[in-house]
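Working notes, structure below.
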Amino acid sequence: MPNFNAVITGVQGWVPNHILSNKDLEQMVDTNDEWIRTRTGIEERRLLKGEGLATSDMAVEAVGRLLEKTNTTKNEIDLVVFATVTPDMRMPDTANTLCDKLGLDNAFGFDLNAACSGFIYAITVGSQFIQTGMYKKVIVVGSDKMSSIINYEDRSTCIIFGDGAGAVLLEPSQEDVGFQDAILKGDGSGREFLYLTAGGSKTPTTRETLEAGQHFVVQDGRPVYKSAVKGMSSVVKELMERNNLTNDDVSWLIPHQANKRIITAVAGKLDFPMEKVTVNIHKYGNTTAATIPLCMWEWENRFKKGDNIILTAFGGGFTWGAVLIKWAYGT
Ligand code: COA
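Here it is in structure tokens:
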């Protein structure tokens, strides 16, 4: 048994103003609104525009507002766990950049890369520091500027992704609420289906890699789709069984927003009613590490204290998993 329960005491999202609609994409690549809506459920996505603006700047907006909302002073924060695949730079990490930009003078932080599963990995990691009693205030943030690694001439990827950020504050509690359980999985053989070739130690950036467009995301959509449906539905089932939960006991399912059809298929396999599934992919597309906290932020007012909520995600790697939390506030 943990010494303390790790409880979410606030959640906040932030998305940029600039909207890239399906109609806009029709002007850029050979696609159409009908295809995108029916195949993915996406209607528009947000892009971060502005010279020098990066992933950390979206996180600054989300975390800054989160601190205000929860009446938390900056020097109270102990740790920032920052989930992202689009760090501001290869080095240093974006978590420390965020701490500096926001003035979180007593915090340290680190980045965590688990692609679209980043947030569920990060909230599991952050919770451990609270449960052991080591820290009292931990920020978990998911932020991705996907537009920085997407090829807007590749119709198979540019229609899917968007930019955004979301964050939660974790604090200790003696009450039986908060982080309950997690099952996290990985299968590195999935790396052939979703990857970015150049810029790492295997293939450093050269003129040739740039000319070949190897600094952009490549995805083989079909196998990712199938593995995502199978991975998320089976891990949620396993988590529910392990915690003796039926569908009636679970108030909300918060799935990673990769494709509306994937979300519907996962709910279908679990026989879980769509009224209890959060969906905002039509507005933001796939914001990678930010999709789950963005959903939590939008649904926050509907959550009640004691609600069992399951987060589930699947992403590049492959990485996937599910987290069970008992919501800690709201009536
Ligand atoms: N507009 C119009 N046509 C398009 C298109 C686009 N943007 N993208 C692909 N097509 C075409 C293909 O060329 C293909 O044409 P063909 O039949 O003449 O060869 C046809 O549409 C079907 O392509 P396919 O890739 O099989 O479509 P799909 O139904 O699998 O949908 C994805 C593609 C990417 C939307 C879907 O596979 C998906 O969502 N995969 C998972 C993505 C994901 O979750 N990624 C993040 C990791 S969590």
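Numbering follows my numbering, with no gaps: position 45 of the sequence shown is 28. We put the CB at the ideal spot given by N, CA and C, even for glycine. Just so you know, these numbers come straight off a predicted model, no measurement behind them.
Indicate the three-state DSSP secondary structure (helix, strand or coil) for residue i in the structure shown.
i    : result
L62  : strand
D94  : strand
N291 : strand
Q315 : One cannot answer for residue 315 here, as it falls past the ends of the chain, which runs -16 to 314.
N269 : strand
K185 : coil
D88  : coil
P155 : strand
L81  : helix
V233 : coil
P238 : strand
F176 : coil
L258 : The sequence given here places Glu at residue 258; Leu does not occur at that position. If DSSP states are grouped into helix, strand and coil, E258 belongs with the helices.
D203 : coil
L31  : coil
Please return the same chain residues whose Cβ sits closer than 8 Å to the Cβ of residue i, not counting the five positions on each side in sequence.
i     : result
T192  : T180, A181, G182, T186 and H198
S234  : K259, F286, K287, D290, N291, I292 and W310
R48   : Q(-5) and W(-3)
M215  : P238, H239, I245, V249, T295, A296, F297, W303 and A305
M11   : Y135, E136 and C141
Q157  : F(-13) and N(-12)
P(-1) : R29, L30, L31, K32, M41, D146 and G147
D159  : N(-12) and K309
K52   : G(-7) and Q(-5)
Looking at residue j and residue i, is the spacing between their C-beta atoms short of 8 Å?
i    : j     : result
A250 : M257  : yes
V108 : L87   : no
P206 : F255  : no
Q163 : N226  : yes
I132 : A90   : no
D71  : A272  : no
T295 : P238  : yes
L153 : I(-9) : yes
G161 : N54   : no
G173 : T270  : no
I19  : L8    : yes
A97  : V64   : no
T314 : W282  : no
F326 : L62   : Outside the modelled stretch of the chain, which goes from -16 to 314, sits residue 326, for which no answer is possible.
For residue i, count neighbouring C-beta atoms within 10 Å of its own C-beta (all shown protein chains included) and say buried if the count is 16 or more, exposed if not.
i    : result
H1   : exposed
T274 : buried
F286 : buried
E224 : exposed
K120 : buried
D13  : exposed
S100 : buried
Q114 : buried
S130 : buried
G92  : buried
M74  : exposed
G299 : buried
N5   : buried
D40  : buried
A195 : exposed
Please go through the same chain and pick out, in chain order, the residues whose beta-carbon is closer than 7 Å to the beta-carbon of residue i, but skip the five residues on each side of it.
i      : result
A211   : A241, I245 and F297
G268   : I25, R28, I143, F144 and G145
E221   : I166
P276   : V(-6), G(-4), F102, G125, G149, A150 and V151
V200   : I132, I133, T140 and L179
T38    : T67, T69, P70, D71, T77, S126, D127 and K128
S217   : none
N15    : E9
V46    : L81, L85, I122, V124 and A150
N(-14) : Q114, T115 and G116
S110   : A(-11), L153 and F162
H265   : G24, I25 and E26
L3     : E27, R28 and L30
W280   : V(-6), Q(-5), G(-4) and G149
Compare the C-beta of residue i against all C-beta atoms of chain C and say whether one is closer than 8 Å.
i   : result
E34 : Among the chains of the structure shown, chain C does not appear; only one protein chain is present.
Would you say the beta carbon of residue i comes nearer than 7 Å to a heavy atom of ligand 3?
i    : result
H239 : The model on display carries ligand 1 but not ligand 3.
Tell me which residues share the same chain as residue i and place their Cβ nearer than 6 Å to its Cβ, disregarding the 5 neighbours each side in the sequence.
i    : result
Y118 : D61, L62 and F112
E44  : W(-3)
D170 : F301
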